[in-house]
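For reference, the structure discussed in these notes is given below.
Protein chains: 2
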Amino acid sequence: MSGARVNAELGANDMDITNSSRHHSENLPYVHKVGVPPKQNLVKEFTSALKETFFSDDPFKPFKDQTKSKKVVLGLQALFPILNWGRDYNLSKFRGDLIAGLTIASLCIPQDIGYAKLANLDAQFGLYSSFVPPLIYAFMGSSRDIAIGPVAVVSLLLGTLLQNEIDPVHNKLEYQRLAFTATFFAGITQVTLGVFRLGFLIDFLSHAAIVGFMAGAAITIALQQLKGLLGIRKFTKKTDIVSVMHSVFGSIHHGWNWQTIVIGVSFLVFLLLAKYINRFLAFSFDLDLLLPPQGKRNKKYFWVPAIAPLISVIISTFFVYITHAERHNVQIVNHIKQGINPSSLDKIYFSGEYLAKGFRIGVVAGMIALTEAVAIGRTFAAMKDYQVDGNKEMVALGTMNVVGSMTSCYVATGSFSRSAVNFMAGCNTAVSNIVMSIVVLLTLLVLTPLFKYTPNAILASIIISAVVGLIDIDAVILIWKIDKFDFIACMGAFFGVVFVSVEIGLLVAVSISFAKILLQVTRPRTAILGNIPRTTVYRNTLQYPEAMKVPGVLIVRVDSAIYFSNSNYIKERILRWLADEEEQLKEHKEPEIQYLIVEMSPVTDMDTSGIHALEELYRSLQKRDIQLVLANPGQVVIDKLHASHFANLIGEDKIFLTVADAVLTCAPKVEQA
Amino acid sequence: MSGARVNAELGANDMDITNSSRHHSENLPYVHKVGVPPKQNLVKEFTSALKETFFSDDPFKPFKDQTKSKKVVLGLQALFPILNWGRDYNLSKFRGDLIAGLTIASLCIPQDIGYAKLANLDAQFGLYSSFVPPLIYAFMGSSRDIAIGPVAVVSLLLGTLLQNEIDPVHNKLEYQRLAFTATFFAGITQVTLGVFRLGFLIDFLSHAAIVGFMAGAAITIALQQLKGLLGIRKFTKKTDIVSVMHSVFGSIHHGWNWQTIVIGVSFLVFLLLAKYINRFLAFSFDLDLLLPPQGKRNKKYFWVPAIAPLISVIISTFFVYITHAERHNVQIVNHIKQGINPSSLDKIYFSGEYLAKGFRIGVVAGMIALTEAVAIGRTFAAMKDYQVDGNKEMVALGTMNVVGSMTSCYVATGSFSRSAVNFMAGCNTAVSNIVMSIVVLLTLLVLTPLFKYTPNAILASIIISAVVGLIDIDAVILIWKIDKFDFIACMGAFFGVVFVSVEIGLLVAVSISFAKILLQVTRPRTAILGNIPRTTVYRNTLQYPEAMKVPGVLIVRVDSAIYFSNSNYIKERILRWLADEEEQLKEHKEPEIQYLIVEMSPVTDMDTSGIHALEELYRSLQKRDIQLVLANPGQVVIDKLHASHFANLIGEDKIFLTVADAVLTCAPKVEQA
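Those protein sequence lines, which keep their order, are chains A and B.
Those letters in the first sequence? Residues -3 to 669, per my numbering, in order.
Those letters in the second sequence? Residues -3 to 669, per my numbering, in order.
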């Protein structure tokens, strides 16, 4: 980094008597030339642009100046962070991880069974997905707090997309095979994004769109649970609110089962009470985890909502078992296949028409899963102030899904609710995922028969109480306050999901996000500047009503890089400012505009269209006898102004370091005129 | 517009002794608060955003405060600009228009016949398209210099897209019908874009991409002419250079016809000589018309290249007629259908599978035609300093194509070469288009039999000499100089067209244009600022190596609005600047950073993700005992900082009007520490 250091105190004293403006009024035209940076080598320019785009985190920095063997070790450590933190692992850390691991295991087992249903898969596939993926992640992932496994939104999305292709009831095996194929490609997508460092692509889904999408998905998932909660047997396959409500109320007389409703609703009340009396956990379900957790003092009760689901399962299962409620049409889980994950490598479609379909579904599910996991990873990393490497994280998540797809798992990712519980329970490292994984393994090996009499209604209540946390009203209010356009994006995604389908909601979210970016670059802001009295500072006259315009001079600030997408608009907007101003001046019979100063500080870049627009502006102004003056063009811009000879065209002496300098040079001439 | 006016001279004198910094050192903390603009009403905010996006040219301004009948007149004048300028039309204007009209007619007739071939249509359709559309345009268009008719690039594009669907030789009628359908929808697309004021969409095709695309299309078209020029009968249908070259050299021994080659090449040489000896016309073929036309003094010879094509046609036709060269396998035009355009309303597909295909092709062709016409319109309007209303122009072009599609025309638009000739020949209004249209009409009625013996080779030479002008090497060199990324876009489009196909080239051009926009918003620039000695000005230390850093303070400027697409990157980039700086400081054993000042002048907007990123930055800095200080947040940003309570979080006294103010408040404390 260049630029020497100076004593600030001294500099500050100096400033008052010898500021740049003072200098100007003495030795016109000006003291400080606008810096023209040394010409950069083309290759260098390209490499640095590439580096900033794809390697902005400088991943190879530690590898520099190392021996070969050291590089291998560093490479392995980069791929398997466990080699790094594992060496400092000790018993006190394990204590935290053990408690956290047991807690999330108790939470994940009933959730897994329910989420598998959302994906139209048998219950054991949910458990499988909580066994293999967390193990792999523990070795490769860089987040210490994330809890891996199936999640509600991805399960719903996968279920919806898959059943568009294959009927999950009549073609069960094909459906499973397509699910594994999609999982495989979800993993491949994630690894690819990580390896090619394209992780920034997921940044294109805006926060607001995610909030809306998640809330919509939560509502949709909750509505789907009405089937289990009310004991309805014939239920629509569509997920939009109209179809579901039609289905629910259409079966009110001959479909609802009062025993089921009693069990389901009472446990739902219990679960929600456990969750909201202990309001301290509420913050943890927010996407928006950065607000200070008001209730941290209640941290010792974190286990209440965490184990409430398991307690509900145990009590209700026992109750059904002794009362034989299943004979009164209370639907139960029945059979969960016992035993460890079978291999599913041979089930993945590597050819045929389902290859393409699996690929497409996998890409979408993989991206959404990634978005959720990365958001969680970043949030908790920020809270504990450590770094999560986004690209490395994607490779870890991708690998775990690829391996998962070969061991009968479907898409797993980081779960908001379980990660929050993991964090609250005091996890220290990814070992808590290993603990959870082992508990799930034991469950698969020994405990599955015990779930036989678990009523479906309980699973529905557990899912409802879990997804309620995805509806983040505080975040929506904040979005409304901060940015109305964001709010539209949020609502668009929300209503898209609720009233049409998950895919449409997602499409709306992505489209609105893109539209916003495009709008932003097409219609940048411009402002008229005025002098803030008794300073050399020029500011937007709308923001600072006390700012005063300089007679005969119009100062316009362009608030964006000038690119092909906006160059024409900017040119016309500046001419419109000028026309409006001249009209006003004529009314008040004030002196005409002789100088147009364009404040270029915010103009960070320019392309050929931008240069053309400036040239056109220059010529239009020439015809009206108005001088074009530029203030403070940045490094890149001044470079291009010279390369295109535009600087020569308007004259080097029309380019100033500051607006104040430009005004001082123009204004005396205006006075004389 | 608010903001009072002040005597600049007085302000300037004041400045030296009482600038804002001086004030600060006396009465800390600061004098000028950062302006918080009055809260805008939501509806107002939305309307103004909508207005700026869609009605930035304020089209209804003249209608304000008018009587009803006056409004109707104004409305008609807006739709038919001829009602406006027609009233001032006089004989002297007509003289210019007559000469210009005759000149472009002589140029367009041979071009039309050739271009129709590019679109795989019979010759008369080219002439039809130079009769009806220019007439309509003359009444509705707002450009005075554009010459309307079929153009090379659109003809090629249309021909390629159409023959992908229907074989133009074996299913001639269906092919024609699909062509009219596409033309119809091209017109509808253009009208729609105009009416819904979505004209800015065509701004998304960057100048660089257009230059590359046009050059590629020119090469492709020229290569296609080798068929006519060499007299080859069996020719590939593909347009990529490899297939064409294969086809050309594969037929060298049994396909080339030496008589054809002699005629074609000698006239090509004549045409090119006529064109380039009169180098003065060269500029007019540039997309980049803004450079001063060096050769304007030769304007009186404009007619040489303009009528050279017609002369070639006459001479060669006469030559073929008397030598009966057609018996030696010299291919001739043969038959052009005599008579006025027949109706084709009943030929347009309004149902069936071709409806969708015609629609798709029409949208693409319509957009490209629009891009060309608008570029021409803007260029000449800038040269004569009048305004072309983009949206109105689209309605005019669209209407003319819709009507054209019903009168056996295919897509017409503004032609670069003919518009330049029109301009040089001294056209004053769109009447020159009417003159041309009448000449074409007479040709259709009377002269078509005379073209019977015109050799195809001559048409090929005329097309080659016309499209050569589309290759704008100067523009490419300028693009290379100004922006390397633009150069890649340009080359991408060029090679895409030349080596694959027009569609792929277009796709590449659009994709690269979009990629550039996305890259720009994902990876904005940031810079470290230093104090320029003896001023209160802070600038990029890379651009101004003399700028000095302030000890204990790091000043970072963020050069972009902070949105979801870049918020995370900006946060991490600032932290990386900090880490780099701290490392350096440690090496030199200098005082640690205590303040991080973020210069927000270029940050023109922010969304919820941006606020979150700032919050995360604030918390990260807090953990390192560094104070976050903001300088000069703009109107929108300060509003959102307050709405989100971020201003309260970091403290209102941490937000300053300028960097200098911020440094003055921070630096003394740093010294004491």
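Glycine residues also receive a C-beta, built at the ideal position from the N, C-alpha and C atoms.
Within the region 568 to 634 of chain A, the runs of alpha helix (DSSP H) at least 4 residues long that lie entirely inside it are, in chain order, 604 to 619. Secondary structure at Lys545 of chain A: strand, using DSSP grouped into helix, strand and coil.
DSSP, read as helix, strand or coil, puts Phe652 of chain B in strand. Scanning its chain for C-beta atoms nearer than 7 Å, with the 5 sequence neighbours on each side dropped, one finds around Pro338 of chain A the residues Ser404, in chain order.
Leaving aside the five residues that flank Leu268 of chain B on each side, the residues in its chain whose CB is nearer than 6 Å to its CB run, in chain order, Ser461. Within chain A, not a single residue places a beta-carbon under 8 Å from that of Ile593 of chain B; the smallest gap is close to 12 Å. For Ala426 of chain B, there is no enclosing beta strand (DSSP E), as DSSP marks it with neither H nor E. Residue ranges of uninterrupted beta strand (DSSP E) with 3 or more members, entirely inside the region 511 to 539 of chain B and ordered along the chain, are 522 to 527, 534 to 536. In this structure, the alpha-carbon of Thr319 of chain A lies about 12 Å from that of Thr450 of chain A.
When secondary structure is reduced to three states using DSSP, Leu194 of chain B falls in the coil class, being assigned neither helix nor strand. Among the CB atoms of chain A, none fall inside 8 Å of the CB of Lys582 of chain B.
For the region 172 to 200 of chain A, the set of residues with a beta-carbon nearer than 8 Å to any beta-carbon of chain B comprises Phe196, Asp199, Phe200, in chain order.
Collapsing the DSSP output to three states places Thr177 of chain B in a helix. If you look at Ala371 of chain B, you'll find it in the alpha helix (DSSP H) that goes 349 to 380. Within chain B, the residues whose beta carbon sits less than 8 Å from that of Val517 of chain A are Ile513, Gln516, Val517, listed in sequence order. Proximity of Tyr565 of chain A to chain B, defined by a Cβ-Cβ separation below 8 Å, is satisfied.
It is roughly 13 Å from the alpha-carbon of Ser262 of chain B to the alpha-carbon of Phe315 of chain B. Using beta-carbon distances, Ile508 of chain B does not count as an interface residue toward chain A, since no partner is under 8 Å. The three-state secondary structure of Thr439 of chain B, taken from DSSP, is helix. DSSP, read as helix, strand or coil, puts Ile144 of chain B in strand. Counted as a single uninterrupted DSSP element, the alpha helix (DSSP H) harbouring Glu389 of chain B occupies residues 386 to 402. Its chain contains Ala557, Val632 as the residues whose beta carbon lies nearer than 6 Å to that of Asp601 of chain A, once the 5 sequence neighbours on both sides are disregarded; these appear in chain order. In terms of beta-carbon proximity, Lys477 of chain B lines the interface with chain A, with at least one pair separated by less than 8 Å.
A Cβ of chain A is located within less than 8 Å of the beta carbon of Val533 of chain B.
CA-to-CA, the gap between Phe412 of chain A and Glu368 of chain A works out to about 8 Å. Note: Val552 of chain A is bridge-paired with A:Ile524, A:Val594 in the DSSP secondary-structure output.
Taking a C-beta distance under 8 Å as the contact criterion, Ala453 of chain A and Gly155 of chain A do not qualify as a contact pair. Secondary structure of Gly410 of chain B (DSSP, three-state): strand. DSSP places Pro445 of chain B in the helix class (H, G or I) of the three-state scheme. About 5 Å separates the beta carbons of Ile458 of chain B and Pro305 of chain B, which is inside the 8 Å limit, making them a contact pair. The distance from the Cβ of Ile524 of chain B to that of Trp573 of chain B is about 6 Å, consistent with a contact at the 8 Å cut-off. For Ile328 of chain A, the beta-bridge partners assigned by DSSP are A:Pro451. Within a 10 Å sphere around the beta-carbon of Met241 of chain B sit fewer than 16 other beta-carbons, which makes this residue exposed.
Here Ile558 of chain A carries a strand assignment [DSSP, helix/strand/coil]. Contact of Tyr559 of chain A with chain B by beta-carbon distance below 9 Å involves Ser202, Lys512, Ile513, Gln516. Between Ile589 of chain A and Glu578 of chain A, the C-beta gap is smaller than 8 Å, which places the two residues in contact.
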